[in-house]
């Protein structure tokens with residue numbers, strides 16, 4: 107995991123370096139003397155070889171100093187820490203909604219495969235696969251936010267709610283629509299996976315063994331089929347995180363939700379590269395951690411690959 | 162010895178393919194007695210496993226006609242909740258592939274305990290554990306307490322099959338159906354498992370239906386044998402009669418087609434043609450006729466019946482009286498004794 | 014002339030462990046085996062699961078990496094060449110698992126024709142005729158030509174695999190449990206057929222099986238493997254009439270007897286063999302449970318007997 111993060115950080119750093127211009131371009135008064143600009147570059151270390159610059163950056167980053175945002179004129183670390191909790195809450199809400207929707211749908215679809223309900227659910231998953239998240243997000247925003255006016259159309263909390271239950275409720279209220287939008291699109295892969303897993307498990311020999319033991323159909327399903335099909339889904343959790351990151355970038359921008367995803371887009375547009383690198387690095391680390399979580403969960407739930 | 166345990170009368174089990182029903186088990190009548198091993202021999206597609214599944218009520222989408230009397234009760238058409246009281250208790254089953262027959266995510270102990278719990282709902286947790294460990298010991302697991310906590314993938318094939326057997330005998334069944342119980346195992350392990358099954362039969366005085374394609378296993382184990390071909394029983398006899406004095410052309414061909422260690426044949430007998438698929442079963446006349454084309458069609462019965470040609474020896478169709486192996490052809494079976 | 018000569022073949026797999034996935038030990042799947050197969054003969058390789066017999070076959074055809082030792086095919090060293098392509102049309106394999114060895118997306122006609130297309134220039138009519146002949150030889154109906162593997166039973170699929178392997182009339186065929194998935198009657202058909210083409214084309218077989226009845230029927234020379242090593246090697250008569258190693262004796266005693274009137278004798282015989290096995294186990298196996306190197310007991314018969322004195 108450490109080497110992966112290391113490689114990721116180098117790649118990100120080089121990509122940022124490869125972008126046209128640097129932190130001073132477009133920020134400095136154009137009438138400034140080019141010699142002074144050169145001196146400033148020298149002072150900031152922008153003329154050093156890339157590995158020296160990288161080393162400066164990574165050793166600072168390791169100490170929690172990711173540099174300054176040129177746009178917001180504040181340390182990146184501080185900027186991110188304001189946003190990161192919003193994104194975490196959004197991700198958590200999305201995950202919870204995803205499983206709340208996916209598990210019942212997957213179970214119905216898998217248990218009663220090729221029936222009317224299964225066809226409806228499968229139809230939904232095909233639409234979900236085909237529908238781009240940003241279009242679906244816009245539709246949700248327009249319909250529930252503007253047309254029906256049931257949900258707020260931006261922000262992460264009502265500025266007037268500052269503390270206590272009101273604050274929490276307001277947070278949840280703002281979360282709900284973006285989280286639901288992401289979940290409704292995100293569930294389709296989990297539903298399909300669970301459905302296939304159940305149909306597959308139904309035909310396994312040990313299910314026949316369970317019936318031959320005299321177990322009732324409901325016991326066969328609850329103790330053997332669902333249990334065995336849900337465990338691989340649990341391991342999906344880590345990979346969901348990766349999917350969520352991509353989702354938040356779109357969804358936060360559409361819903362004007364002040365999280366990392368929105369910050370990411372804004373920073374790219376504003377050429378705020380120190381922020382872009384920092385956010386991308388965090389996203390990358392989250393993905394790697396996600397994969398690790400998947401491995402760990404799989405290790406816990408599946409005795410066949412348990413580390414001795 | 163002669164007490165009837167299971168009586169199958171005119172059992173037909175059909176599966177729906179497209180818009181028609183096809184009988185995988187066709188008008189089968191059989192009796193299994195207490196404390197006997199009845200072997201059902203046949204190739205794939207003969208219907209032998211379909212017959213076993215019919216007795217167990219494990220076919221989910223099949224049409225079953227006829228009667229299967231287990232004692233006084235008819236298993237055909239029995240509601241699921243009643244059937245579940247018998248399955249795993251009075252009638253149980255051993256499967257071919259012990260790895261896939263066990264739930265990979267449950268410990269051995271829990272899988273055995275499940276069947277105890279289902280039929281002894283009043284038993285406590287500790288009692289079930291005690292029984293499970295006792296069963297593991299009974300089926301010859303060397304360290305029952307250790308294996309109790311293990312998962313199927315941690316055990317060898319032979320050990321897994323012992324677990325499957327432990328589950329099957331947990332509630333002292335009166336009838337045990339073993340569906341190719343040793344096909345997936347090495348020959349020395351096969352011997353151990355067969356010994357175990359024989360031992361358990363003597364212990365429990367249960368009736369055993371042994372389903373296999375392996376005539377060697379049959380010769381070692383069975384008291385009586387029923388030979389199945391294309392969904393029908395073609396010959397029933399005690400094992401000595403079957404090996405020395407088989408009548409039906411199919412049985413005779415089968416016996417001639419296996420290579421054995423004791424007898425080196427220059428050429429094995431080949432049964433012409435192929436086993437017909439369920440959809441292509443001949444619906445009229447002798448089903449084996451297409452595979453012995455040198456026997457004239459008038460030697461076959463129009464509606465082949467089972468004939469009792471000696472006490473307890475039944476043969477289907479009269480063609481057996483006229484059957485011979487064609488000489489100097491593919492079917493040449495000169496024996497070279499070494 | 015010997016067509017295949019294997020000297021001190023070892024196939025070891027590393028076992029990795031610990032945090033750094035370093036090699037902590039090796040699985041000695043094949044651990045120093047010598048084998049010579051004469052052209053036109055059938056060499057039977059017998060063993061229980063985990064004996065390394067399958068690994069041997071796969072090593073010869075290049076599907077398994079060789080750790081050390083030499084493999085000579087018609088006098089040429091081929092052990093160092095990587096990959097299957099090394100053998101072209103001369104060595105073919107019949108696989109054990111009829112389910113995974115056929116491409117599910119191809120029609121049976123194409124599967125069987127594939128080696129023909131790679132090595133022989135046939136007109137479409139000739140090719141079709143050849144494929145139909147092959148289908149008939151392995152006992153499949155002509156309609157099979159246009160079907161896909163999933164439409165066949167396990168036994169029928171194996172016959173497709175055999176048709177593919179013999180399409181090019183190779184010199185050596187490695188048959189790994191070729192009939193264990195087949196029904197008895199079909200099994201006989203395939204075994205007879207294998208012997209027929211062997212005579213016709215002077216084929217050599219390396220026949221890997223756990224079924225001693227089939228091995229006896231098919232093979233001229235037999236090698237018995239246990240845990241990657243040879244326990245005993247000899248002619249069919251050597252092995253079946255005078256087995257020397259207790260492992261071999263036990264294996265042969267375990268074969269079901271087709272004559273039910275022998276039951277009592279068999280029980281007695283097996284009990285005595287088992288007694289001997291238990292008693293002599295420490296003499297015949299070293300501290301790791303492995304057998305000793307082979308020693309000749311006659312011109313043809315070699316047994317892994319313990320060092321004496």
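Residue numbers (the numbering used here), protein chains in the order written: chain H, 107 to 414; chain E, 162 to 499; chain G, 14 to 322. Backbone N, C-alpha and C define an ideal beta-carbon position, used for all residues, glycine too. Given the structure is predicted, the values throughout are model-derived calculations rather than measurements.
Residues of the region 250-281 of chain E with a Cβ closer than 7 Å to any Cβ of chain H, in chain order: 250, 253, 254, 256, 258, 261, 262, 263, 264, 265, 266, 275, 276, 279 and 280.
Judged by pairs of C-beta atoms under 8 Å, the region 405-425 of chain E touches the region 379-389 of chain E, as three or more such pairs exist. Between the alpha carbons of residue 421 (chain E) and residue 404 (chain E) lies a gap of roughly 14 Å. Per the C-alpha coordinates, the member of G:112, G:46, G:54 and G:29 positioned closest to residue 208 (chain G) is G:54.
Membership of residue 264 (chain E) in any beta strand (DSSP E) is not indicated, and neither H nor E is assigned to it by DSSP.
Linking residue 262 (chain E) to residue 367 (chain E) through their CA atoms gives a straight-line distance of about 22 Å. Listed along the chain, the chain G residues whose CB falls inside 9 Å of the CB of residue 377 (chain E) are 226, 268, 269, 270 and 271. By the CB criterion at 7 Å, residue 217 (chain G) and residue 237 (chain G) fall outside the cutoff. The beta carbon of residue 429 (chain E) sits closer than 7 Å to some beta carbon of chain G. For residue 342 (chain H), no chain E residue has a C-beta closer than 7 Å to its own C-beta; the minimum C-beta separation is roughly 16 Å. Taking C-beta separations shorter than 6 Å and ignoring five residues to either side along the sequence, residue 238 (chain E) has no partners in its chain.
Chain-ordered, the chain G residues with CB closer than 9 Å to the CB of residue 318 (chain E) read 62.
Interface residue (Cβ-Cβ distance to chain G less than 7 Å): residue 401 (chain E) is classified as such. Within the region 173-196 of chain E, not one residue has a Cβ closer than 9 Å to any Cβ of chain G. For the region 59-86 of chain G, the full-length beta strand (DSSP E) segments reaching 3 residues or more read 81-86 along the chain. For the C-beta of residue 205 (chain G), the chain E residues within less than 7 Å are, from N- to C-terminus, 428, 429 and 431.
Spatial neighbours of residue 432 (chain E) in its own chain (CB-CB distance under 7 Å, excluding positions within 5 residues in sequence) are listed in chain order as 414, 418 and 452. Between residue 260 (chain H) and residue 362 (chain H), the CB-CB gap stays under 7 Å. Looking only at H:116, H:292, H:403 and H:235, the smallest Cα-Cα distance to residue 165 (chain H) is reached by H:116. Taking 7 Å as the Cβ-Cβ cut-off, the region 215-227 of chain E approaches chain H at 217 and 219, given in chain order. Among the residues facing chain E, residue 202 (chain G) is included, as its CB has a counterpart in that chain under 7 Å away.
Counting of Cβ neighbours within 10 angstroms places residue 168 (chain H) among the exposed residues, the total staying below 16. Close to chain E, meaning a Cβ-Cβ distance shorter than 8 Å, is no residue of the region 150-176 of chain H at all. The alpha carbon of residue 145 (chain G) has as its nearest neighbour, out of G:239, G:61, G:122 and G:258, the alpha carbon of G:122. In the DSSP annotation of this structure, residue 307 (chain G) is not part of any alpha helix (DSSP H), being labelled neither H nor E. Listed along chain G is no residue with a C-beta nearer than 8 Å to that of residue 243 (chain E); the closest approach is about 35 Å.
In the displayed model, residue 29 (chain G) falls within a strand according to three-state DSSP. As a beta-bridge residue in DSSP terms, residue 188 (chain G) pairs with G:107 and G:220. Using a CB distance cut-off of 7 Å, residue 487 (chain E) does not count as an interface residue toward chain G. Residue 387 (chain E) carries a strand assignment under DSSP once its states are collapsed to helix, strand and coil.
Judged by beta-carbon spacing, residue 212 (chain H) lies beyond the 7 Å limit of residue 114 (chain H), meaning their Cβ atoms are not closer than that value. Boundaries of the beta strand (DSSP E) around residue 178 (chain E): 165-178. Taking CB atoms only, residue 25 (chain G) has no neighbour in chain E less than 7 Å away. Not a single C-beta of chain G is nearer than 7 Å to the C-beta of residue 298 (chain E).
Spatial neighbours of residue 383 (chain H) in its own chain (CB-CB distance under 6 Å, excluding positions within 5 residues in sequence) are listed in chain order as 118 and 122.
Non-local beta-carbon contacts of residue 389 (chain H) in its own chain, meaning distances under 6 Å to residues more than five positions away in sequence, involve 351 in chain order.
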